[in-house]
Amino acid sequence: MCFDSCVTIDSVTGSKHIPASARIDPSSLQFHPLSVTAASKDAKVSVTLFHLGSIRSYRQAWVDDSWDSDAQRRLEKAKQQVELPIMSALIEHNPSGEKWLWDLGMCNDLTVLPEFIANGSAKFLDPQLNDHGQLKNVLLKKFNVDSIDKIGLSGIIFSHVHLDHYGNLLDFPTSLPVFVGPGTMDWVGGGEDAAKRGEKGLIMFPTRFLTDRTFVEMQDVVNSAVNDKVKSRVKDIKVGPFEKAWDWFGDGTIIVASAEGHCHGHMALLAKTNSQPKSNYVLLAGDAAHQQALYHPLPPPLELNKENLCSSSTAEYNHKSYAPETDFRATPGYFDRSSGKAVTDRAIPQDMASCMQDFPDKAMRTLAALSRLEACADVMVVLAHEIEFVKAVGLQEGAEIVVDDWQAQGYKDAKIELGKQARGRLVAL
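Numbers 1 to 429, taken from full-length UniProt numbering, label the letters of the sequence shown in order.
See the structure below:
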């Protein structure tokens with residue numbers, strides 16, 4: 001099945017691109033508010049975000065201001081250098097005390113990385129990874145222990161299985177189950193080694209990660225080999241604009257949602273970080289977007305803080321009033337994966353043209369979902385690589401920040417303002 005019907009040939013560059021017309025009005029999405037039961041009213045989790053290094057690249061690889069009618073300015077934007085921080089999270093559940101990892105960052109050991117990264121073939125990526133930012137070292141320091149086993153982790157949940165998210169899985173005990181999104185394991189197959197033999201396997205996934213380790217896709221948890229405690233509590237749910245999700249503890253504190261588009265099995269995680277006096281949430285959105293400009297600014301009729309995720313009703317939007325000309329969200333970019341810089345003076349060869357969203361049609365809906373949730377007064381969206389968030393909170397490589405009180409600290413407003421300023425600088429090019 002083809003999922004790129006929204007892709008066209010750009011009249012300016014002659015290359016593939018996703019036009020502004022492919023964007024979806026967030027206010028038109030069906031919305032499922034969360035209700036808090038008496039039994040789960042006080043339940044919550046603590047979310048600690050870790051800065052594990054950065055990727056340097058150029059803007060064309062991640063985002064395209066396809067709405068901009070000034071062709072020359074749009075091409076200048078494509079050339080701009082960007083920095084993408086790499087973040088992962090530790091999620092601690094109250095009252096059970098369970099500790100779960102969401103993504104592991106990116107490994108800096110060339111003997112572990114897939115060959116196409118280790119040999120420098122991915123020219124559009126320039127990783128900046130130091131030992132003090134490797135998740136194993138960050139966790140050992142945080143808990144003041146000499147072994148990951150002593151931390152008491154319950155398991156790992158991957159937003160998806162790309163190298164800047166699966167980290168160095170060898171640093172973590174094989175006894176820890178790894179949970180992934182639907183379709184992931186068929187895609188991974190036998191990993192890099194199998195792919196090199198011409199067999200079914202994902203060339204970017206180290207085969208040795210599969211040895212003696214339990215991987216479970218979310219839809220298979222109930223019938224899997226994981227412990228009965230986990231199997232008995234996971235429930236299917238719909239949440240906000242996401243039609244397929246799983247209530248991880250059965251109390252609404254962690255909801256893992258299928259957020260399709262970036263790659264097979266991509267997921268986002270919604271965490272309830274406060275319960276009193278009102279519930280609030282952080283959406284860890286993985287690579288549903290790589291730049292804030294893909295889900296901001298919020299297009300009318302969507303309004304910031306007009307509705308709440310945790311509510312008995314949804315906001316009434318007249319989505320018929322949506323107009324593409326007042327929507328200034330970017331679309332995912334197409335780039336030459338063999339080039340270390342943006343290609344703006346010629347068409348990108350078809351066999352080299354790549355997009356960070358493998359399934360663009362699905363990605364456009366997920367991007368609309370991010371905008372819709374960001375509009376909620378009780379939700380803060382954080383992308384795995386959101387530079388505006390990192391700058392807003394002053395997070396440095398190897399450091400951590402607890403985001404439970406994001407509302408009181410003003411983190412959401414601060415990152416939105418930084419995004420607005422960044423877009424303003426681009427307009428001035």
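All C-beta atoms in this analysis are idealised placements derived from N, C-alpha and C, irrespective of residue type, glycine included. As the structure is a prediction and not an experimental result, all values here were calculated from the model.
Thr184 and Gly265 closer than 9 Å at C-beta: At the C-beta level, Thr184 and Gly265 come within 9 Å of one another.
Ile117 vs Met204 beta-carbon contact at 9 Å: In contact: Ile117 and Met204 (Cβ atoms closer than 9 Å).
Closer than 8 Å: Gly133 CB and nearest the ligand FMN heavy atom: Absent from the structure shown: the ligand FMN. Ligands present: none.
For Leu140, the nearest candidate out of Gly120, Leu110, Asp171 (CA to CA): With distances taken between CA atoms, Leu140 lies nearest to Asp171 out of Gly120, Leu110, Asp171.
Span separating the alpha-carbon of Tyr281 from that of Asp345: Tyr281 and Asp345: Cα-Cα distance of roughly 44 Å.
Length of the line joining the Cα atoms of Ala293 and Asp327: Ala293 and Asp327: Cα-Cα distance of roughly 11 Å.
Complete alpha helix (DSSP H) runs within the region 311–383 (minimum length 4 residues, chain order): Qualifying alpha helix (DSSP H) stretches, in chain order: 360–374.
Distance, Val36 Cα to Ala342 Cα: CA-to-CA, the gap between Ala342 and Val36 works out to about 48 Å.
Endpoints, the beta strand (DSSP E) within which Gln81 is located: Per DSSP, Gln81 belongs to the beta strand (DSSP E) from 81–94.
DSSP-derived helix/strand/coil call for His385: His385 falls in the coil class under three-state DSSP.
Contained alpha helix (DSSP H) runs [length at least 4] in the region 103–146, N- to C-terminal order: Whole alpha helix (DSSP H) segments, 4+ residues: 115–118, 135–143.
Beta-carbon proximity list for His32, same chain, < 7 Å, skipping 5 on both sides: For His32, where only same-chain residues beyond five positions count, the Cβ hits under 7 Å are Lys238, Val239, Gly240.
Buried or exposed (CB count within 10 angstroms, at least 16 for buried), Arg56: In this structure Arg56 is exposed. Its beta-carbon is surrounded by fewer than 16 other beta-carbon atoms within 10 angstroms.
Range covered by the beta strand (DSSP E) that runs through Gly48: The sequence as given places Thr at residue 48; Gly does not occur at that position. First-last of the beta strand (DSSP E) with Thr48: 44–58.
Val188 versus Ala428: straight-line alpha-carbon distance, rounded: Approximately 44 Å, taken between the alpha carbons.
Test item: CB-CB of Tyr317 and Leu302 under 9 Å: Closer than 9 Å, so yes.
Limits of the unbroken alpha helix (DSSP H) element including Trp67: Trp67 -> no alpha helix (DSSP H), and no H or E assigned at all.
Of the listed residues Leu383, Leu104, Asn223, nearest to His296 (C-alpha basis): In terms of Cα proximity to His296, the closest of Leu383, Leu104, Asn223 is Leu383.
Where Lys272 falls: helix, strand or coil (DSSP): It is a strand residue.
At least 3 beta-carbon pairs within less than 8 Å: the region 416–426 vs the region 141–149: No, they do not touch.
Cys2 in three-state terms, based on DSSP: In this predicted model, Cys2 has a pLDDT of only 41, less than 50, meaning its place in the structure is not dependable; the value taken from the coordinates is given anyway. Secondary structure of Cys2 (DSSP, three-state): coil.
Run of the beta strand (DSSP E) containing Trp62, from where it starts to where it stops: In this chain, Trp62 is not harboured by any beta strand (DSSP E), its DSSP state being neither H nor E.
Buried versus exposed, by CB contacts within 10 Å (16 or more), Gly181: So Gly181 ends up on the buried side.
6 Å Cβ shell around Glu400 - same chain, five flanking residues per side excluded: The answer, listed in chain order, is Thr48, Phe50.
Beta-carbon contacts of Gly152 that lie in its chain and below 7 Å, excluding the five residues immediately before and after: Correct list, in chain order: Lys99.
Reference Arg329, options Asp65, Ala369, Ser54, closest by Cα: The residue with the shortest Cα to Cα distance from Arg329 is Asp65.
Runs of beta strand (DSSP E) lying entirely within the region 140–190, each at least 3 residues, in chain order: Qualifying beta strand (DSSP E) stretches, in chain order: 155–157, 178–180.
Same chain, Cβ closer than 8 Å to Val138, five either side skipped, listed in chain order: Within the same chain, Val138 has close Cβ partners Phe50, Leu52, His132, Gly398, Glu400.
Reduced DSSP secondary structure (H/G/I, E/B, other) of Asn223: Looking at Asn223 - three-state DSSP - the assignment turns out to be helix.
First through last residue of the beta strand (DSSP E) which encompasses Asp236: Unbroken beta strand (DSSP E) run through Asp236: 235–239.
Proximal residues to Asp10 (C-beta, below 6 Å), its chain only, five neighbours per side dropped: Exclusion of the five residues before and after Asp10 leaves His17 as the residues of its chain whose Cβ lies within less than 6 Å of its Cβ.
Cβ contact check for the region 155–168 and the region 363–374: 3 or more pairs under 8 Å: No: the two stretches stay apart, fewer than three of their Cβ pairs being nearer than 8 Å.
Cβ-based burial, Glu307 [other Cβ within 10 Å; buried from 16]: Glu307 should be labelled buried.
Classification of Ala43 by the beta-carbon crowding that lies within 10 angstroms, buried from 16 upward: Using a 10 angstroms sphere on the CB of Ala43, the tally of other CB atoms reaches 16 or more, which defines it as buried.
Neighbour-count burial assignment, Asp351, 16 or more Cβ in a 10 Å radius: Taking a 10 Å sphere around the C-beta of Asp351, we find fewer than 16 other C-beta atoms and assign the residue as exposed.
Val402 in three-state terms, based on DSSP: In the structure shown, Val402 falls within a strand segment according to DSSP collapsed to helix, strand and coil.
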